[in-house]
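Peer 1:
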Amino acid sequence: MAFTVWVLAGTRNLFGVVVLSGIYSFLMATVMVALDAVDVAMTEAAVGAGVSTVLMLGALHLCKSEEAKPAHRPWLPLALSAATAVLLIYGALGLPDFADPQAPIHQHVSPRYLQNEIDVPNVVTAVLASFRGYDTLGETTVVFTAGAGIIALLRRRKIKRGGNEE
Amino acid sequence: MKNDLVLRVIGKLLIPFILLFALYVQFHGDFGPGGGFQAGTIFAAGIVFYALIFGLENARKVIPDRLVEAMLAAGVLLYAGVGVAGLLLGGNYLDYFALDADPIHGQHRGIFWVEAGVAVTVCGVMLKIFYMFASRGEDGRGEA
Amino acid sequence: MSELVEHFSYIVTVFLMVAGLYVVMARGNLIKKLVGLSVFQTSVYLLYIAPGKLLGGTAPILASQYSVYSNPLPHVLILTAIVVGVATLALGLALTVRIREAYGTIEEDEIIALDHRVEDARSDER
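Line order of the protein sequences matches chains B, H and C.
The first sequence lines up with residues 1421 to 1586 when you count with the numbering used here.
The second sequence lines up with residues 1063 to 1206 when you count with the numbering used here.
The third sequence lines up with residues 755 to 880 when you count with the numbering used here.
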């Protein structure tokens, strides 16, 4: 995945960039299956590699351009990125080890969720729809708002043939 | 693309299975991986596939614009409606225990309708975005 | 050194995150910036899910033959985050399409230059 992102940063042909981001999403979905996150992997594959790629191709078709050659050498962003990386890794070393059963994440609420109070085997769906139903209501509203926003941005009024509203 | 024989045949074979798989993922979200979001996206992907092969006009005839816009709002309303039903039947907002005489059964019912609402909204949004992007390129005939 | 090996997942996540950040900062093309942003978001998903895994555990679907499950709580949060992420990406792409129609270009430098030209023309009129 790191190699994919590396090539993505350097590619200037936008179609190649979109295809590479699709590959990256599929690789991420595979990694998530390896990490036992099957619901998330299915969603990431369907949404990230499917819908995202279609939308970007649609936008690319409407924009029709290729990335221009960068005007100045990117030393400052590179330095900033490297500094951020060093700081983040330094901070991450204090986090629990990989797959540590004593980590705080496993201690508080999760044992209760896993106790099958409501007889729904898929714990992720149970948490999403029942234990934390408010969050899902808010998220559905966010998706609806995004759809409404896109309608507002891209609507054309049919004033006359060939006319579009600014 | 509709003149290409291979694509048409494969499309006719695959699209019913894609739509059926979306329904399967939706209703088996309780027992296996799946749920509303995945199902809505897979359904929208099936319709997008149809639109790519057979043309946007045919896709518009199958799922008209009004239906897509109605689906957007209907999903959120369905979700909120389940919450209000919980209120009316004596519990808290979005309380599934109150939805049936047997609380566990009430949970199943609540989760079923809530996931259906989510899938409808997600499918509507994905389809609407695709329709808007795809029809924007046609000059003058671009429609909301 | 063994600490680095134990925190390997975090190192990979940080690399992906910083690569996405670099693409957002250093590239002027708007669509490429959006792709970099989505790379950044995906690396954050990895950041949340990796600590939830238990070695020897299985996916969090209750069945009678398993007793150890990976933690389902991050899965729920990330599910929401993925859908919200694609909603944001769609809005960003719609904005890019409108910018392209208004300015004729999607390169950041050219857009700023066009804006300066309009502003100079306007201040000359006053």
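Yeah, the Cβ is synthetic: ideal placement off N, Cα and C, and Gly gets one too.
Terminal residues of the continuous alpha helix (DSSP H) containing Phe1195 (chain H)?
Peer 2: Per DSSP, the continuous alpha helix (DSSP H) segment holding Phe1195 (chain H) begins and ends at Pro1165 to Arg1198.
Peer 1: For Gln1169 (chain H), which residues from the same chain have a beta carbon less than 6 Å from its beta carbon, with the 5 sequence-adjacent residues on both sides left out?
Peer 2: Tyr1158
Peer 1: Of all the beta strand (DSSP E) runs that stay within the bounds of the stretch 1425 to 1470 of chain B, which reach a length of 3 or more residues?
Peer 2: none
Peer 1: Can you grab the Cα-Cα spacing for the pair Ala1121 (chain H) / Trp1426 (chain B), in whole Å?
Peer 2: 38 Å
Peer 1: If Ala1449 (chain B) and Ala1461 (chain B) are in contact, beta carbons under 8 Å, what's the gap, nearest whole angstrom?
Peer 2: 5 Å
Peer 1: Helix, strand or coil: which one does DSSP assign to Asn1120 (chain H)?
Peer 2: Asn1120 (chain H): helix per DSSP, three-state reduction.
Peer 1: Leaving aside the five residues before and after Thr1431 (chain B) along the sequence, list all residues of the same chain whose C-beta is less than 6 Å from its C-beta, in chain order.
Peer 2: Around Thr1431 (chain B): Val1437.
Peer 1: Tell me which residue opens and which closes the alpha helix (DSSP H) that Asp874 (chain C) is part of.
Peer 2: Glu862 to Glu879
Peer 1: Exposed or buried, what is Gln1535 (chain B) when buried is set at 16 or more other beta-carbons lying within 10 Å of its beta-carbon?
Peer 2: exposed
Peer 1: Pairing CB atoms from the stretch 1557 to 1574 of chain B with CB atoms from the stretch 1140 to 1148 of chain H, are three or more of them under 8 Å?
Peer 2: The answer is yes - the stretch 1140 to 1148 of chain H touches the stretch 1557 to 1574 of chain B, with three or more Cβ pairs under 8 Å.
Peer 1: For Leu784 (chain C) and Asp1162 (chain H), I'd like the C-alpha separation in whole angstroms.
Peer 2: 52 Å
Peer 1: What does the alpha-carbon distance come out to for the pair Met1188 (chain H) and Thr1103 (chain H)?
Peer 2: 7 Å
Peer 1: With DSSP collapsed to three states, give me the class of Tyr823 (chain C).
Peer 2: In this structure, Tyr823 (chain C) counts as strand in the three-state DSSP scheme.
Peer 1: How big is the Cα-Cα spacing for Met1133 (chain H) and Leu1548 (chain B)?
Peer 2: Near 21 Å, if we compare the C-alpha coordinates of Leu1548 (chain B) and Met1133 (chain H).
Peer 1: So which residues on chain B does Val798 (chain C) lean against when the C-beta distance must stay under 8 Å?
Peer 2: What Val798 (chain C) touches in chain B: nothing, since even the nearest Cβ is about 11 Å away.
Peer 1: Taking the C-alpha atoms as reference points, what is the distance between Ser797 (chain C) and Val1176 (chain H)?
Peer 2: 29 Å
Peer 1: Which one or two residues does DSSP pair with Ile815 (chain C) in a beta bridge?
Peer 2: B:Asn1542
Peer 1: Suppose contacts are defined by Cβ-Cβ distances below 8 Å. Is Asp1459 (chain B) in contact with Val1540 (chain B) by that definition?
Peer 2: no
Peer 1: Residues of chain C with a CB under 8 Å from the CB of Arg1552 (chain B): which are they?
Peer 2: By Cβ distance, chain C contributes Val830.
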